[in-house]
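Peer 1: First, the structure itself, so that you have it in front of you.
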Amino acid sequence: MDEKKLIREEFSNYKKTHSESLMPMVDRVMRESRCQLSDLDGIAISIGPGSFTGLRIGLAAAKGLALGAGIPLVAVSTLEMLAANVIGCDALICPILDARRNEVYGGLYLMKGFTPENVYPPGAYEPEKFFNAINEQVLMSGTECCIILGDAVDVYWESVQRIMGPRGIKAPAHLALPRASALASLGLKKLEQGATEEPLNLSPIYLRLSEAEIKRQKGGTA
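Numbers in the working numbering are just positions in the sequence shown, counted from 1, shifted up by 1.
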């Protein structure tokens with residue numbers, strides 16, 4: 002993406018892992034765009050929350066490219082990136098990701114122009130409590146609906162409907178998952194504002210402990 006247009010985007014929601022697909026995808030996009038790393042002004046990375054392994058692989062790749070080419074790196078919340086799929090409406094936007102262990106990563110956003118404004122803090126939540134809290138926020142805001150999107154929508158849609166009723170609207174499939182174009186748009190704004198990151202100091206935003214960390218804590222207190 003440049004300041005005027007989206008040049009190329011590639012999307013995959015299939016069975017291959019990040020370790021198998023990420024760098025070949027980057028190579029294809031660069032090659033078919035006739036672009037070299039030295040042509041880039043910056044790299045944007047989705048910093049989390051999300052899959053612990055996927056975040057580590059994605060961040061390691063972005064750090065390597067940024068450090069190797071000597072170009073700036075900017076980081077964008079995955080939930081904010083999801084919310085940015087929906088623009089041009091007055092509805093609240095609620096991105097939710099399946100955090101497993103009967104939790105969702107979620108937050109609530111209001112679109113201000115082309116930038117999502119956070120109105121309920123991102124976190125790892127028990128689904129029923131989270132949807133009740135979001136429903137209260139929607140009622141207090143006076144808006145008619147809340148657009149729900151993310152990979153946890155189908156997992157918890159029955160709960161959303163029961164708690165929110167017609168106020169909860171499922172985003173269409175083409176807007177439901179994180180898109181590189183939304184990341185690039187938010188990343189470009191951060192780059193223009195000078196909100197860059199030091200690659201060696203940048204870590205993923207997990208929002209909760211990993212399974213291994215939980216097991217270590219339990220072992221340490223046993």
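C-beta atoms are modelled at their ideal positions from N, C-alpha and C, and glycine is treated no differently.
Should Tyr-207 go down as buried or exposed, given a rule of 16 or more other Cβ atoms within 10 Å for buried?
Peer 2: Residue mapping note: residue 207 aligns to position 206 of the sequence shown, counting from 1. Result: buried.
Peer 1: Counting along the chain, where does the alpha helix (DSSP H) carrying Met-82 start and finish?
Peer 2: Translated into the one-based positions of the sequence shown, residue 82 becomes position 81. Met-82 -> alpha helix (DSSP H) spans 79-84.
Peer 1: Would you mind sorting Leu-140 into buried or exposed? The rule is 16 or more other CB atoms within 10 Å of its CB.
Peer 2: Position 139 of the sequence shown, counted from the first residue, corresponds to residue 140. So Leu-140 ends up on the exposed side.
Peer 1: Taking Met-112 as part of the beta strand (DSSP E), name the residues at either end of that continuous run.
Peer 2: Walking along the sequence shown from the start, residue 112 turns up at place 111. Unbroken beta strand (DSSP E) run through Met-112: 104-113.
Peer 1: Are the CB atoms of Pro-128 and Gly-108 nearer to each other than 9 Å?
Peer 2: Stepping through the sequence shown from its first residue, residue 128 is reached at position 127. Stepping through the sequence shown from its first residue, residue 108 is reached at position 107. Not in contact: Pro-128 and Gly-108 (Cβ atoms no closer than 9 Å).
Peer 1: If I follow the unbroken alpha helix (DSSP H) through Val-139, where does it start and stop?
Peer 2: Position 138 of the sequence shown, counted from the start, is the residue given in the question as residue 139. Segment 128-142, the alpha helix (DSSP H) holding Val-139.
Peer 1: Using the three-state DSSP reduction, which class does Ile-170 fall into: helix, strand or coil?
Peer 2: By 1-based counting over the sequence shown, the position of residue 170 is 169. Three-state result, Ile-170: strand.
Peer 1: Out of Asn-133, Leu-56, Glu-145, Arg-180, point me to the one whose CA is closest to Arg-163's CA.
Peer 2: For the purposes of this step, residue 163 is taken as residue 162 along the sequence shown, with counting starting at 1. Among Asn-133, Leu-56, Glu-145, Arg-180, the Cα nearest to that of Arg-163 belongs to Asn-133.
Peer 1: In terms of alpha-carbon separation, which member of Leu-176, Ala-61, Glu-199 lies closest to Phe-12?
Peer 2: Mapped onto the sequence shown, residue 12 falls at position 11. When only C-alpha atoms are compared, the closest one is Leu-176.
Peer 1: Check for me: the beta strand (DSSP E) holding Arg-35 runs from which residue to which?
Peer 2: Numbered from 1 along the sequence shown, position 34 holds the residue referred to as residue 35. Unbroken run through Arg-35: none, as it is neither H nor E.
Peer 1: CA-CA distance, Ile-170 and Ile-148?
Peer 2: Residue mapping note: residue 170 aligns to position 169 of the sequence shown, counting from 1. Residue mapping note: residue 148 aligns to position 147 of the sequence shown, counting from 1. Each residue's Cα considered, the two are about 5 Å apart.
Peer 1: Using beta-carbon positions only, say whether Ala-92 and Thr-144 come within less than 9 Å of one another.
Peer 2: For the purposes of this step, residue 92 is identified with residue 91 of the sequence shown, where counting begins at 1. For the purposes of this step, residue 144 is identified with residue 143 of the sequence shown, where counting begins at 1. Contact: yes.
Peer 1: Note the first and the last residue of the continuous beta strand (DSSP E) segment covering Arg-101.
Peer 2: In the sequence shown, counting from the first residue as 1, residue 101 sits at position 100. First-last of the beta strand (DSSP E) with Arg-101: 93-101.
Peer 1: May I ask you to list the residues that DSSP assigns as paired with Thr-1?
Peer 2: Because the chain is modelled from 2 through 223, residue 1 falls outside the range shown and cannot be assessed.
Peer 1: Can Leu-192 and Met-82 be called in contact, C-beta distance under 9 Å?
Peer 2: For this step, residue 192 is matched to residue 191 along the sequence shown. For this step, residue 82 is matched to residue 81 along the sequence shown. Cβ atoms of Leu-192 and Met-82: not closer than 9 Å.
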